[in-house]
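Below: the structure, in structure tokens.
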Amino acid sequence: MTNTNVKRYIAQIQQLYYGQSWLDEDFEKKLKLLNEETAFIRPGGYIHSVAEVVSHIVEWRKDLIERFRSGNRNTLKMDSPLNWRDNESLRLDGWAMLMESLSKSQIELVKLLEQKDDDFLNRKWRDDDTYDWLIAGLIQHDAYHLGQIGLIYKMMIKDHGPA
1 MTNTNVKRYI AQIQQLYYGQ SWLDEDFEKK LKLLNEETAF IRPGGYIHSV AEVVSHIVEW
61 RKDLIERFRS GNRNTLKMDS PLNWRDNESL RLDGWAMLME SLSKSQIELV KLLEQKDDDF
121 LNRKWRDDDT YDWLIAGLIQ HDAYHLGQIG LIYKMMIKDH GPA
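Quick note: the sequence shown, position 83, residue 83 per this note's numbering, numbers continuous.
So, in structure tokens, the structure goes:
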């Protein structure tokens, strides 16, 4: 059994997190620009804070990890309070804990995928949707929100100055 395609997906996930992607942007690079104060700033008072976006990423990663483990349908729904936690509840947990949750999700996701082969990608987890589709979607989701974090940061420093 081969895992060539799984390894490609792992490489993309790692590059988005640690760097060396074609985008020349990554989560570590962007998120180290923030601190306990700046991570919770909502530019314009209505745009999501970086902390809210990171929490959203973590929750969807946790949901996907559970799907990969159990084969169950997703438990996180679009209207779930965990999908977009509010700044106030996230502040109680703190920026350091949120960063740790993201890091743990990265490690757990990669470890889980390293145990899979390419046959896993073709398995259906729901109707006609395969695990390949889920992993590709996760990468798209991460890349989208990485860009969003970059925009939020630019708006935040325009209004408040760099961290």
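Virtual Cβ for every residue (Gly too), placed ideally from N, Cα, C.
Requested in this report: Would you give the residue range spanned by the alpha helix (DSSP H) that R73 belongs to?
Outcome: In the sequence shown, counting from the first residue as 1, residue 73 sits at position 73. In the DSSP assignment, R73 falls outside any alpha helix (DSSP H) and carries neither an H nor an E.
Query - Rounded separation between H145 and T4 - CA only - result: Within the sequence shown, numbered from 1, the residue matching residue 145 stands at position 145. Within the sequence shown, numbered from 1, the residue matching residue 4 stands at position 4. Going from the Cα of H145 to the Cα of T4 covers about 26 Å.
Query raised in the report: So what's R67 in DSSP terms, helix, strand or just coil?
Result: As a first step, residue 67 is located in the sequence shown; it is residue number 67 there, counting from the start. The three-state reading of DSSP puts R67 in helix, counting H, G and I together.
Requested in this report: Select from L64, W60, E88, E66 the residue whose C-alpha is nearest the C-alpha of D79.
Outcome: On the sequence shown, residue 79 is found 79 positions in, with the first residue counted as 1. Among L64, W60, E88, E66, the Cα nearest to that of D79 is on W60.
Requested in this report: Note the first and the last residue of the continuous alpha helix (DSSP H) segment covering W125.
Outcome: For the purposes of this step, residue 125 is identified with residue 125 of the sequence shown, where counting begins at 1. It is not in any alpha helix (DSSP H) - W125 instead sits in the beta strand (DSSP E) that spans 124 to 126.
Query raised in the report: Based on the DSSP secondary-structure assignment, which residues constitute the bridge partners of D118?
Result: Here residue 118 corresponds to residue number 118 of the sequence shown, with the count starting at 1. According to DSSP, which records beta bridges pairwise, D118 is partnered with nothing at all.
Query raised in the report: Can you pull the DSSP bridge partners for T130?
Result: Here residue 130 is taken as the residue at index 130 of the sequence shown, counted from 1. K124.
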